[in-house]
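What follows is a single structure, written as structure tokens, with notes after it.
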Amino acid sequence: MAFCDQSAEDKLLILSAKKTFNQNKLNKLITLKTSSKNERVNYWFDFWIIKLKIKKNPFDRNIVNELNKFSNLKKPEILTQEAYKFWAHEVIKRKNWEKTISTISYIKKVSPKTTSQSIKCINYLAKPKHTISEIRELTTGQEHRIGCLKLVLLAIEKNLSSRNFVFKSARSAAISGNILHAQQILELAKKKKIEVPKTENKLLKVLVVSQKNSLRALRRLKLIEGKLTNEQKSFASLVVGSSLLGITHPSTLKLIRKGTSSIKQQPVSILESTARVALRYSDWNLLSETIQSLPPRIQKLPKWKYWEAQVLITKDEKNKSAKLLDSIKPPWSFYGMLAGEDLARIYNPKKHIAYRIPPQEYNHEEIINSSSFKFALWLYEIGLYKEGRIEWENVLSQKSDKILINISKYVSSISILDRSISAALKTKNNHNFYLRFPTPYQKIIKKESSVKNISPFLMFSLIRQESRFKKKISSSAGAIGLMQLMPSTARSVARKIKLKSINKKSLTIPSINVKLGSEYLKILFSQFNESSLLTVASYNAGPSRSKKWKKSLIKEVSGAAFTESIPFDETRDYVKSVLSGTVMYSRLYDETNLGNSYNDTESILTLQSLLGSISPAK
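Just remember that the working numbering sits 648 ahead of the position in the sequence shown, which is counted from 1.
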């Protein structure tokens, strides 16, 4: 499907321009622009040209004029912000601090929305007066960023810092993987007559290694443990212990408990890992202490509110727990669902479908005829996905819920479901969950789910997560099609079911891709005793990892606790999304009739029942 006012010449030109930009060929890009007569294509030329000029010399005096001109062009505002953000990034990289500070101050003035933690820190450097409380707020957990490091060093130089601030900053930088920043902090502290134990550098090296190779860190800790102070030993034990969660080491819990005296000094990343260790081993006291040590803004996240509520139940404080559960929103999110089910409330999305209007009764002419709408979809069509996303975000920005739903309905009607879902997900108060959870390829999915005895709702949810129903999509890792199959996995499954001639092209055919993907799901289900949780986790992270995570258990845990204790961020979020999506599909559609007609009978599928419980491997 074509979305044009753009010509074939425009397509060739913008694709050539993007290639030239990627090759850093500034002069060629400037020459190419002379061939362009399309206003929208031109501002992308200007954007790429400015970026290359900044990259060449971010301190060039002409940059300001170039950006001022670019700011005044008719284009998505986000592009201006992206240009200033890139300028700030390049300036910071050069480490000419006098020029960097003045440039960042200027950027913040003309483009207030252009921000990052490093920019915030550098902008604060320009202020005439500094306080340790403000410095601490800006730099905590951000010491690995060059701008924030400069602010930490300023605090030490001006004698605003305490010994505790120095150690915490250096250790946090090391945990973030930047040993050089950590050492700079300690060296300046020594010059300012702050006492630093000789063993602190050895401790820092263990902290750095713990985030890359936890077993090596454990060995290093054992070698130097006798030379460390009790405080250092406690700190290192908790950091190394939390890192062992990822490889399910038997020493994990022992080390964590050994290090609890340092819990309040730990950065957020270590505290969250510690909380997940506590969940895996059902240590409610450790979990409570860890959650209470998190910064207030982190404690308020739905996941930690939910687990604090579970802690309160173990203390027989049911009223407090119920109040906390009641505050978790939205009710269709993973933890919103769990909280609702704990309170005996089953969320029914069918009662909250906004603007259930027949397609012929809503006017979308203004939307589909807008040049910005057409251009955004055109960029997707020709393969400029990053640029397309920027333009699409511009189309959706500051739109009312009703307009967003109408946009979603239209792009759904022309089978661009990933854009339809993205528009539907933007609504703030009025939602259409049929648009958020569509059911294309019904015949194929219903057939394969029936043959394999797999829930069609789970298959829809998994495909939605994997590919947003785009049949030809490919990942950077090489996964192809609707269920994002790796060619090697697809060939292995194909041999098992005696399906011949499987290649990359055939994996873009929905019937073949879903057939192989559902067969692989069936294999995983059989390996994990029909556990949806372990099967979905394995689909993302591989079955060997799921087996290790299960093997590490010392007793049965709830599926929710197991999910939150998954060490990989991607897999943990993937499981939450797929399983909560499965429940939403089940509550929206009738299993025997997957169209938009549905029964009014309440679905019995709950997230708790889908998660089940996970027992240690025998």
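Positions of the beta carbon are idealized from the N, C-alpha and C atoms, including for glycine. Owing to the predicted nature of the structure, the values given are computational and were not obtained by experimental measurement.
N- and C-terminal bounds of the alpha helix (DSSP H) containing residue i
{"i": "alanine 874", "result": "Inspection of the sequence shows that residue 874 is occupied by glycine rather than by alanine. From DSSP, glycine 874 is part of no alpha helix (DSSP H); its letter is neither H nor E."}
{"i": "isoleucine 752", "result": "745–758"}
{"i": "arginine 688", "result": "687–704"}
{"i": "tyrosine 929", "result": "Premise fails: tyrosine 929 is in no alpha helix (DSSP H) and is neither H nor E."}
{"i": "serine 1194", "result": "1191–1199"}
{"i": "lysine 1297", "result": "Residue coverage of the chain in this structure runs from 649 to 1266, which leaves residue 1297 outside it and unanswerable."}
{"i": "glutamate 782", "result": "780–787"}
{"i": "glutamate 714", "result": "710–719"}
{"i": "alanine 731", "result": "725–742"}
{"i": "phenylalanine 1173", "result": "1158–1175"}
{"i": "glutamate 791", "result": "Unbroken run through glutamate 791: none, as it is neither H nor E."}
{"i": "serine 766", "result": "765–773"}
{"i": "isoleucine 1252", "result": "Isoleucine 1252 -> no alpha helix (DSSP H), and no H or E assigned at all."}
{"i": "threonine 900", "result": "900–906"}
{"i": "threonine 762", "result": "Note, threonine 762: premise wrong, no alpha helix (DSSP H); not H, not E."}
{"i": "asparagine 675", "result": "674–681"}
Short Cβ contact (8 Å threshold) for residue i with residue j
{"i": "alanine 957", "j": "leucine 973", "result": "yes"}
{"i": "isoleucine 1111", "j": "leucine 1130", "result": "yes"}
{"i": "leucine 1172", "j": "glycine 1207", "result": "no"}
{"i": "serine 1060", "j": "proline 915", "result": "no"}
{"i": "phenylalanine 1108", "j": "tyrosine 1222", "result": "no"}
{"i": "isoleucine 711", "j": "tryptophan 735", "result": "yes"}
{"i": "lysine 756", "j": "isoleucine 740", "result": "no"}
{"i": "serine 1056", "j": "leucine 1025", "result": "no"}
{"i": "isoleucine 1262", "j": "phenylalanine 1216", "result": "no"}
{"i": "cysteine 769", "j": "lysine 816", "result": "no"}
{"i": "glutamate 1184", "j": "valine 1226", "result": "It is valine, not glutamate, that sits at residue 1184 in the sequence shown. Contact: yes."}
{"i": "arginine 905", "j": "valine 1205", "result": "no"}
{"i": "tyrosine 691", "j": "lysine 723", "result": "yes"}
{"i": "isoleucine 961", "j": "serine 969", "result": "yes"}
{"i": "glutamine 859", "j": "serine 899", "result": "no"}
{"i": "serine 1228", "j": "phenylalanine 883", "result": "no"}
{"i": "glutamine 800", "j": "isoleucine 833", "result": "Per the sequence presented here, residue 800 reads as valine, with glutamine not at that position. Closer than 8 Å, so yes."}
{"i": "proline 1264", "j": "isoleucine 1202", "result": "yes"}
{"i": "alanine 803", "j": "valine 856", "result": "no"}
{"i": "arginine 924", "j": "leucine 893", "result": "yes"}
{"i": "isoleucine 726", "j": "glutamate 1212", "result": "no"}
{"i": "asparagine 1199", "j": "threonine 896", "result": "At residue 1199 the sequence reads lysine, which differs from the asparagine that was named. Closer than 8 Å, so yes."}
{"i": "serine 1020", "j": "glutamate 1039", "result": "yes"}
{"i": "lysine 1100", "j": "serine 1166", "result": "yes"}
{"i": "glutamate 714", "j": "lysine 699", "result": "no"}
{"i": "threonine 908", "j": "isoleucine 872", "result": "no"}
Strand pairing of residue i, partner residues [DSSP]
{"i": "valine 1205", "result": "Ile1262"}
{"i": "aspartate 1221", "result": "Looking at the DSSP assignment, aspartate 1221 forms no beta bridge with any residue, so it has no partner."}
{"i": "isoleucine 1128", "result": "Ser1122, Leu1133"}
Supposed contact pair residue j and residue i - C-beta distance, whole angstroms, cut 8 Å
{"i": "isoleucine 1128", "j": "serine 1122", "result": "5 Å"}
{"i": "arginine 688", "j": "phenylalanine 1023", "result": "5 Å"}
{"i": "phenylalanine 1105", "j": "threonine 1230", "result": "5 Å"}
{"i": "leucine 828", "j": "glutamine 1256", "result": "So it is not a contact: roughly 48 Å between Cβ atoms."}
{"i": "leucine 1052", "j": "leucine 1044", "result": "6 Å"}
{"i": "glycine 988", "j": "proline 978", "result": "The Cβ separation is near 10 Å, so there is no contact."}
{"i": "arginine 1116", "j": "leucine 1065", "result": "6 Å"}
If you scan the region 947–1029 from start to end, which runs of the alpha helix (DSSP H) of 4 or more residues do you find wholly inside it? 950–962, 966–974, 982–990, 1013–1016, 1019–1029
Every unbroken alpha helix (DSSP H) inside the region 823–890 [4 residues or more]: 827–839, 848–858, 862–872
Jot down the residue ranges of each uninterrupted alpha helix (DSSP H) in the region 1018–1106, minimum 4 residues, whole runs only, in chain order. 1019–1029, 1033–1044, 1049–1061, 1065–1072, 1081–1084, 1090–1100
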